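Chemist:
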Amino acid sequence: MDAVKLTQKLIQFDTVNPPGNERECGLFVADILAQAGFEIECQEFGDQHINVIAKLPGGSSGHSPKGDFDDAPLVLTGHLDTVPLGDAPWSVAPWSGDIRGGKLYGRGASDMKSGVAAMIVAGLAFAQTDKANRRRGLTLVFTSCEETGCQGALHLVQEGTIDLGEASAMIVGEPTENQFCTAHKGALFIRAHTQGVTAHSSMPDLGDNAIYKTAKAITKIENYGFNEAPHPFLGSPTINVGMVKGGLNVNSVPDSAEFTIDIRTNAAKPHSAFFDDLDGYLGDDIKLETFTDMPAISTDLDDPFTRIVAGACQVVLKDSYQDIPTGLPFFTDASALHPHYQCPTIILGPGELSTMHQTDEYCLVERIEQAVEIYGRVINNWCLHEV
Ligand SMILES: [Zn+2]
17 MDAVKLTQKL IQFDTVNPPG NERECGLFVA DILAQAGFEI ECQEFGDQHI
67 NVIAKLPGGS SGHSPKGDFD DAPLVLTGHL DTVPLGDAPW SVAPWSGDIR
117 GGKLYGRGAS DMKSGVAAMI VAGLAFAQTD KANRRRGLTL VFTSCEETGC
167 QGALHLVQEG TIDLGEASAM IVGEPTENQF CTAHKGALFI RAHTQGVTAH
217 SSMPDLGDNA IYKTAKAITK IENYGFNEAP HPFLGSPTIN VGMVKGGLNV
267 NSVPDSAEFT IDIRTNAAKP HSAFFDDLDG YLGDDIKLET FTDMPAISTD
317 LDDPFTRIVA GACQVVLKDS YQDIPTGLPF FTDASALHPH YQCPTIILGP
367 GELSTMHQTD EYCLVERIEQ AVEIYGRVIN NWCLHEV
């Protein structure tokens, strides 16, 4: 199977999210993998959403996790949905997968149907190997609803109706132009609420103004300093107040107000510690409540899996190989899956960072072929017995 043609085929499924409608695309992928011998489990949810888990077992039976040799499978994961087209007109047909000048165009070309296609093709090659030669299995996890907050991956982990199994390592195929990336930021979204006492605005002394408390808290946040040392690839955490809401009308003292806080974290400490620090800083007048909790990812440069991925990139990318990974500012499905798998995690995919979510999105054809080779080398080095 050809990964470029498969990318085109996947782009032809309209999986713009919302609404998503990934079911048909997911069943198509599941069918390809089932025919190659993968054990398939599909988790359908909501309206036309699907998560597809495809497992190819290793030769040894049973796991000895975290012993002297962790024989749990390698996980490759990607999402099937895309962002909407946007208002600006496209100069190419967004569902065609047309190739012009070495660029494959279409919504999802970079983010991330090229990555999904390359993972499938590399997985099909591994399925051809003799099971006795496999010291680890391979698990492919394809999710829905990533673009609206990793809902598919969270559903997989939280619902527990499908056995995700264990993992010795994981690659997320988000766009990195085939460079290996060992870290991405996390996101902690918090709602802050202040309570007061209402009164007629002509007699404000009788009330307790919740908006004043909110204003003071927001000013404090503007001056908030993180004490953590910057992460080598993610830098420092950031904080932003994005929405404010409060008050009844012009002539009342407001008894309630709220605002939202977005902290982009850098793996320096757990999210609960970021929350507690801010909670202590803002004091008792402000009630905080987390509504999105997607942890950062950070894998050691000298982890054996990192070294294997870096080695594969070096061989395949040659002169364009970057030996210092970059950190990604956005979060991925790894934030949902890593708390379950707890394994070294790398973000690596063929997509172009500069075209993701944009009009006339494309992926370089050459990079799709390179990604198949990189994934293939990683699978062989991590999952096959040494010969
Ligand atoms: Zn993506």
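Quick note: the sequence shown uses the numbering used here, first residue 17, plus one each step. Where is the CB? At the ideal position from N, CA and C, for every residue including glycine. These figures come from a predicted structure and were not determined experimentally.
Tell me whether Gly78 is buried or exposed, calling it buried when 16 or more other Cβ atoms sit within 10 Å of its Cβ.
Modeler: As a working note, residue 78 is residue 62 in the sequence shown. Low local confidence applies: a pLDDT of 48 at Gly78 is under 50, so the model's placement there is unreliable, and no value is given.
Chemist: Give, in chain order, every unbroken run of the alpha helix (DSSP H) that is at least 4 residues long and sits entirely within the region 18-89.
Modeler: Here the runs fully enclosed are 19-27 and 39-51.
Chemist: Using a Cβ-Cβ cutoff of less than 7 Å, which residues in the same chain neighbour Ile227 once the five nearest sequence positions on both sides are dropped?
Modeler: Locating residue 227 in the sequence shown gives position 211, where the first residue counts as 1. For Ile227, where only same-chain residues beyond five positions count, the Cβ hits under 7 Å are Gly262, Gly263, Pro270 and Ala273.
Chemist: In whole angstroms, give me the CA-to-CA distance for Gly153 and Thr31.
Modeler: Position 137 of the sequence shown, counting from 1, holds the residue named residue 153. Position 15 of the sequence shown, counting from 1, holds the residue named residue 31. Rounded to the nearest angstrom, the two C-alpha atoms are 29 Å apart.
Chemist: Please report the straight-line C-alpha distance between Cys41 and Pro110, rounded to a whole angstrom.
Modeler: Start at 1 with the first residue of the sequence shown, and residue 41 comes out as number 25. Start at 1 with the first residue of the sequence shown, and residue 110 comes out as number 94. Taking the straight line joining both Cα atoms gives about 16 Å.
Chemist: What is the DSSP secondary structure of Gln174, counted as helix, strand or coil?
Modeler: To locate residue 174, count along the sequence shown from 1; it is residue 158. The answer is helix: DSSP assigns Gln174 an H, G or I state.
Chemist: Please return the same chain residues whose Cβ sits closer than 7 Å to the Cβ of Glu60, not counting the five positions on each side in sequence.
Modeler: Here residue 60 refers to the residue found at position 44 when the sequence shown is read from its first residue. So the qualifying residues of the chain are Arg39 and Ile66.
Chemist: Going by Cα to Cα distance, which pick from Thr254, Gly223, Pro248 and Leu172 is closest to Gly202?
Modeler: Position 186 of the sequence shown, counted from the start, is the residue given in the question as residue 202. Per the Cα distances, Thr254.
Chemist: Looking at C-beta atoms only, is the number of pairs between the region 354-362 and the region 178-188 that lie closer than 8 Å three or more?
Modeler: Yes: at least three Cβ pairs fall under 8 Å.
Chemist: Find out if the Cβ-Cβ distance for the pair Asn33, Cys161 is shorter than 8 Å.
Modeler: The residue labelled residue 33 in the question sits at position 17 within the sequence shown. The residue labelled residue 161 in the question sits at position 145 within the sequence shown. Yes. Within cutoff.
Chemist: Examine ligand 1 and report whether any of its heavy atoms sits within less than 7 Å of the Cβ of Glu162.
Modeler: Residue numbering aside, residue 162 sits at position 146 when the sequence shown is read from its first letter. Yes, Cβ of Glu162 sits closer than 7 Å to a heavy atom of ligand 1.
Chemist: Determine the direct distance from the alpha carbon of Thr375 to that of Ile234, and round the result to whole angstroms.
Modeler: Reading the sequence shown from its first residue, position 218 is the one you call residue 234. Reading the sequence shown from its first residue, position 359 is the one you call residue 375. C-alpha separation (whole angstroms): 36 Å.
Chemist: Could you tell me the alpha carbon to alpha carbon distance between Glu382 and Ser336, rounded to whole angstroms?
Modeler: Reading the sequence shown from its first residue, position 366 is the one you call residue 382. Reading the sequence shown from its first residue, position 320 is the one you call residue 336. About 13 Å.
Chemist: Would you please state the rounded distance, in angstroms, between the beta carbons of Gly223 and Thr214? I believe it to be under 8 Å.
Modeler: Here residue 223 is taken as the residue at index 207 of the sequence shown, counted from 1. Here residue 214 is taken as the residue at index 198 of the sequence shown, counted from 1. So it is a contact: roughly 6 Å between Cβ atoms.
Chemist: Leaving out the 5 sequence neighbours to the left and right, which residues in its chain are closer than 8 Å to Gln330 when beta-carbon positions are compared?
Modeler: Translated into positions along the sequence shown, residue 330 becomes position 314. Here the set comprises Tyr337 and Asp339.
Chemist: Going by the beta-carbon positions, is the gap between Gly392 and Ala138 smaller than 8 Å?
Modeler: By one-based count along the sequence shown, residue 392 stands at place 376. By one-based count along the sequence shown, residue 138 stands at place 122. Going by C-beta atoms, Gly392 is nearer than 8 Å to Ala138.
Chemist: Could you work out which residue in Ile237, Leu250, His247 and Trp398 is closest to Gly258 when comparing CA atoms only?
Modeler: Sequence index remark: in the sequence shown, residue 258 carries index 242 (1-based). It is Ile237 whose Cα lies nearest to the Cα of Gly258.
Chemist: Starting from Asp295, trace the alpha helix (DSSP H) in both directions and tell me its first and last residue.
Modeler: Stepping through the sequence shown from its first residue, residue 295 is reached at position 279. Segment His287 to Leu298, the alpha helix (DSSP H) holding Asp295.
Chemist: Which full runs of the beta strand (DSSP E) of 3+ residues lie inside the region 145-216, going along the chain?
Modeler: Runs found: 154-159, 185-188 and 202-211.
Chemist: Is His95 close to ligand 1? I mean its beta-carbon at under 7 Å from any heavy atom of the ligand.
Modeler: What you label residue 95 is simply residue 79 of the sequence shown in a count that begins at 1. Yes, Cβ of His95 sits closer than 7 Å to a heavy atom of ligand 1.
Chemist: Leaving out five residues before and five after Ala52 in sequence, what residues of the same chain have Cβ atoms less than 6 Å from its Cβ?
Modeler: Walking along the sequence shown from the start, residue 52 turns up at place 36. Result list for Ala52: Leu140 and Ala143, in chain order.
Chemist: Terminal residues of the continuous alpha helix (DSSP H) containing Leu353?
Modeler: Counted from its first residue, the sequence shown places residue 353 at position 337. Start and end: Ala350 to Tyr357.
Chemist: Should Glu368 be listed as close to ligand 1, given that the test is whether its C-beta is under 7 Å from any heavy atom?
Modeler: As a position in the sequence shown, residue 368 is number 352, starting the count at 1. For ligand 1, not one heavy atom lies less than 7 Å from the Cβ of Glu368.
Chemist: If you draw a straight line from the C-alpha of Val260 to the C-alpha of Ala88, how long is it?
Modeler: Counting from 1 along the sequence shown, the entry for residue 260 is found at position 244. Counting from 1 along the sequence shown, the entry for residue 88 is found at position 72. Distance between the alpha carbons of Val260 and Ala88: 47 Å.
Chemist: In three-state DSSP terms, what is Met128?
Modeler: Against the sequence shown, residue 128 aligns to sequence position 112. In the structure shown, Met128 sits in a helix (DSSP, three-state: H, G or I).
Chemist: Which residue from Leu156, Pro191 and Thr93 puts its Cα closest to that of Gly365?
Modeler: Mapped onto the sequence shown, residue 365 falls at position 349. With distances taken between Cα atoms, Gly365 lies closest to Pro191.
Chemist: Could you compute how far the alpha carbon of Arg150 sits from the alpha carbon of Ile395?
Modeler: For the purposes of this step, residue 150 is taken as residue 134 along the sequence shown, with counting starting at 1. For the purposes of this step, residue 395 is taken as residue 379 along the sequence shown, with counting starting at 1. The straight-line gap from Cα to Cα measures roughly 10 Å.
Chemist: Measure the Cβ-Cβ separation of His95 and Thr159 and say whether it is below 8 Å.
Modeler: On the sequence shown, residue 95 is found 79 positions in, with the first residue counted as 1. On the sequence shown, residue 159 is found 143 positions in, with the first residue counted as 1. Yes, these two residues count as a Cβ contact at 8 Å.
Chemist: With Ile384 and Val20 assumed to form a contact (beta carbons below 8 Å), what rounded beta-carbon distance in angstroms separates them?
Modeler: Here the question's residue 384 lines up with position 368 in the sequence shown. Here the question's residue 20 lines up with position 4 in the sequence shown. Yes, they are in contact, since the Cβ atoms of Ile384 and Val20 sit about 5 Å apart, within 8 Å.
Chemist: Apply the 10 Å Cβ neighbour rule to Lys119 and answer buried if 16 or more other Cβ atoms are within range, or exposed otherwise.
Modeler: Against the sequence shown, residue 119 aligns to sequence position 103. Buried, by the Cβ-count rule.
Chemist: Measuring alpha carbon to alpha carbon, tell me which residue in Ala185, His209 and Arg207 is nearest Thr198.
Modeler: Your numbering for residue 198 matches position 182 in the sequence shown. Closest option to Thr198, Cα to Cα, is Ala185.
Chemist: Using only alpha-carbon positions, find the residue among Asp127, Arg323 and Gly74 that is nearest to Thr145.
Modeler: Along the sequence shown, read from residue 1 onward, the residue named residue 145 stands at position 129. Residue Gly74 is the option with its Cα nearest to Thr145.
Chemist: State the DSSP-derived secondary structure class of Met135, mapped to helix, strand or coil.
Modeler: On the sequence shown, residue 135 is found 119 positions in, with the first residue counted as 1. In the structure shown, Met135 sits in a helix (DSSP, three-state: H, G or I).
Chemist: Indicate whether Arg123 and Glu377 have their beta-carbon atoms separated by less than 8 Å.
Modeler: The residue you call residue 123 lines up with position 107 of the sequence shown. The residue you call residue 377 lines up with position 361 of the sequence shown. Their beta carbons are under 8 Å apart, which means Arg123 touches Glu377 by this criterion.
Chemist: Do Glu193 and ligand 1 come close, with the Cβ less than 7 Å from some heavy atom?
Modeler: Sequence index remark: in the sequence shown, residue 193 carries index 177 (1-based). Not so, every heavy atom of ligand 1 lies at least 7 Å from the Cβ.
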